[in-house]
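Scroll down for the structure; my scribbles are underneath it.
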Amino acid sequence: MITAALASRGEVIKWMEDFVAEKMSEFLKSVEDSWQPADLLPDATLDSFFDEIKDLRERARDLSYDLMAVLVGDTITEEALPTYESWLMTIDGLPQDPNGPWMKWNRAWTAEENRHGDALNRYLYLSGRINMREMEASTQYLIADGFDLQTDSDPYRSFVYTSFQETATNISHRRVAQIAKKQGDNQLAKLCGHVAADEARHAKAYKAFVGKIFEADPNEMMLAFEDMMRKKIVMPAHYMRELGVDLGKTFGHFTDAAQRIGVYTSADYTDILDGLIAEWKIETLTGLNEAGERARDYVMALPARLKRVADRMKAPSLEYKFRWIA
């Protein structure tokens with residue numbers, strides 16, 4: 001065990017290697033045990049392929065405009081995976097040994113995530129409701145534009161971010177699955193449910209990483225948590241745009257659609273924060289100095305403030321037509 005007084009961020013991350021290695025099988029699945037997009041979509045090798053596509057298109061025809069918009073936005077977000085993998089590689093102090101647990105985690109996490117965009121993209125292509133060229137341009141934009149998550153390559157801030165974001169992604173995909181089922185598309189519901197289950201495991205992993213850091217360096221971890229919540233967590237696709245649209249403008253319309261149908265709302269943001277406070281036992285945390293105590297006070301009071309703001313917010317009206325939707 002390393003003491004907070006002696007710990008640098010790099011030392012803490014290095015100290016966590018055994019923990020990451022031990023937990024790998026809990027947080028990730030082997031390739032052999034993993035679902036693949038082909039398990040969930042029509043099989044082109046079968047004589048029934050075109051009949052299955054016809055059935056898929058008929059179900060997709062009844063899905064609401066906002067649900068399709070959210071599904072496209074979720075797909076673009078998932079397909080910008082190269083940006084997220086390269087970002088994780090830039091975290092300060094993360095050991096770069098290709099055979100070490102941190103790099104194994106990064107590669108295996110990326111491999112699991114890679115299936116999400118593949119599955120969603122294939123569904124949208126087969127649905128016949130999407131202008132695929134417009135969607136593909138938005139994906140290329142998002143990878144080329146990158147993002148600014150305000151984590152400053154700091155592992156503590158980065159893992160607060162991923163804990164929050166993976167939880168939000170789980171909520172989004174799970175809600176899309178629920179709405180798709182209500183609107184009669186059980187195939188899409190099953191697909192999104194599989195994606196959501198992956199995101200839940202990944203969220204559990206990053207929460208565990210932060211929990212371990214709190215054991216070794218509670219004060220600095222608390223300050224990092226406070227800093228990220230003061231800045232507000234932005235989603236990784238916050239620069240999303242369409243052809244002919246300014247940087248980030250499309251993302252606002254995408255989040256409006258998500259809020260209208262209850263896929264992801266301001267109330268969910270507050271609920272995630274409440275969950276992280278409980279997960280990391282912030283209220284009973286020990287080992288804090290005066291600055292750490294102030295940081296804890298801010299974080300503990302924040303959910304109530306956010307709830308008051310959320311209660312006053314109205315669902316945005318549908319006023320925007322996405323170039324993605326045919």
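Residue numbers (the UniProt record's numbering): 1 to 326. Using N, Cα and C, we set each Cβ at its ideal position, and we do this for glycine too. As the structure is a computational prediction, the values presented were derived from the model and not from experiment.
Report yes or no: do the region 247-264 and the region 48-59 share at least 3 C-beta pairs separated by less than 8 Å? no
Alpha carbon of P82 to alpha carbon of G117, nearest angstrom: Start at 1 with the first residue of the sequence shown, and residue 82 comes out as number 82. Start at 1 with the first residue of the sequence shown, and residue 117 comes out as number 117. Rounded to the nearest angstrom, the two C-alpha atoms are 11 Å apart.
Could you check the C-alpha separation between M132 and Y141 for me, to the nearest Å? To locate residue 132, count along the sequence shown from 1; it is residue 132. To locate residue 141, count along the sequence shown from 1; it is residue 141. One C-alpha to the other measures close to 14 Å.
Are at least three pairs of beta-carbons, each pair with one atom in the region 13-29 and one in the region 201-217, less than 8 Å apart? yes
Pairwise C-alpha distance: R296 and M313: Walking along the sequence shown from the start, residue 313 turns up at place 313. Walking along the sequence shown from the start, residue 296 turns up at place 296. C-alpha separation (whole angstroms): 27 Å.
Contact belief for G193 with G93 at Cβ below 8 Å, rounded distance in angstroms: One-based indexing of the sequence shown puts residue 193 at position 193. One-based indexing of the sequence shown puts residue 93 at position 93. That pair is no contact at about 36 Å.
Sequence-distant residues of the same chain with beta carbon closer than 7 Å to I199, five excluded per side: The residue you call residue 199 lines up with position 199 of the sequence shown. The identity of residue 199 in the sequence shown is Glu, whereas the question assumes Ile. Within the same chain, E199 has close Cβ partners E166, T169, N170 and H173.
Following the continuous alpha helix (DSSP H) through W87, name the residue where it begins and the one where it ends. Counted from its first residue, the sequence shown places residue 87 at position 87. That run of the alpha helix (DSSP H) goes L81 to M89.
Alpha carbon to alpha carbon, how far is F50 from A128? Give it in angstroms, no decimals. Along the sequence shown, read from residue 1 onward, the residue named residue 128 stands at position 128. Along the sequence shown, read from residue 1 onward, the residue named residue 50 stands at position 50. Checking the sequence, you will find Gly at residue 128 rather than Ala. Roughly 13 Å separates the two Cα atoms.
Decide if L243 is buried, meaning its Cβ has at least 16 other Cβ atoms within 10 Å, or exposed. One-based indexing of the sequence shown puts residue 243 at position 243. Exposed, by the Cβ-count rule.
Between the Cα of residue 331 and the Cα atoms of Q259, I277, A278 and R308, which residue gives the shortest distance? With the chain running from 1 to 326 in the structure shown, residue 331 is simply not present.
Going by DSSP in three states, I213 sits in which element: helix, strand or coil? Counting from 1 along the sequence shown, the entry for residue 213 is found at position 213. Helix.
Please state the DSSP three-state secondary structure of I130. As a first step, residue 130 is located in the sequence shown; it is residue number 130 there, counting from the start. The answer is strand: DSSP assigns I130 an E or B state.
Hey, how far is the Cα of A4 from the Cα of M228? Numbered from its first residue, the sequence shown carries residue 4 at position 4. Numbered from its first residue, the sequence shown carries residue 228 at position 228. Low local confidence applies: a pLDDT of 47 at A4 is under 50, so the model's placement there is unreliable, with the coordinate-based value given in what follows. About 21 Å.
Which one or two residues does DSSP pair with I325 in a beta bridge? Here residue 325 corresponds to residue number 325 of the sequence shown, with the count starting at 1. In DSSP, I325 forms a bridge with I130.
Should M1 go down as buried or exposed, given a rule of 16 or more other Cβ atoms within 10 Å for buried? Your numbering for residue 1 matches position 1 in the sequence shown. Because M1 carries a pLDDT of 48, less than 50, the predicted location of this residue cannot be relied on, and no value is offered for it.
Do I233 and Y161 have their CB atoms nearer than 8 Å? In the sequence shown, the residue the question calls residue 233 occupies position 233. In the sequence shown, the residue the question calls residue 161 occupies position 161. Contact flag set, yes.
Can you tell me whether K29 is helix, strand or coil according to DSSP? Position 29 of the sequence shown holds residue 29. It is coil, neither helix nor strand.
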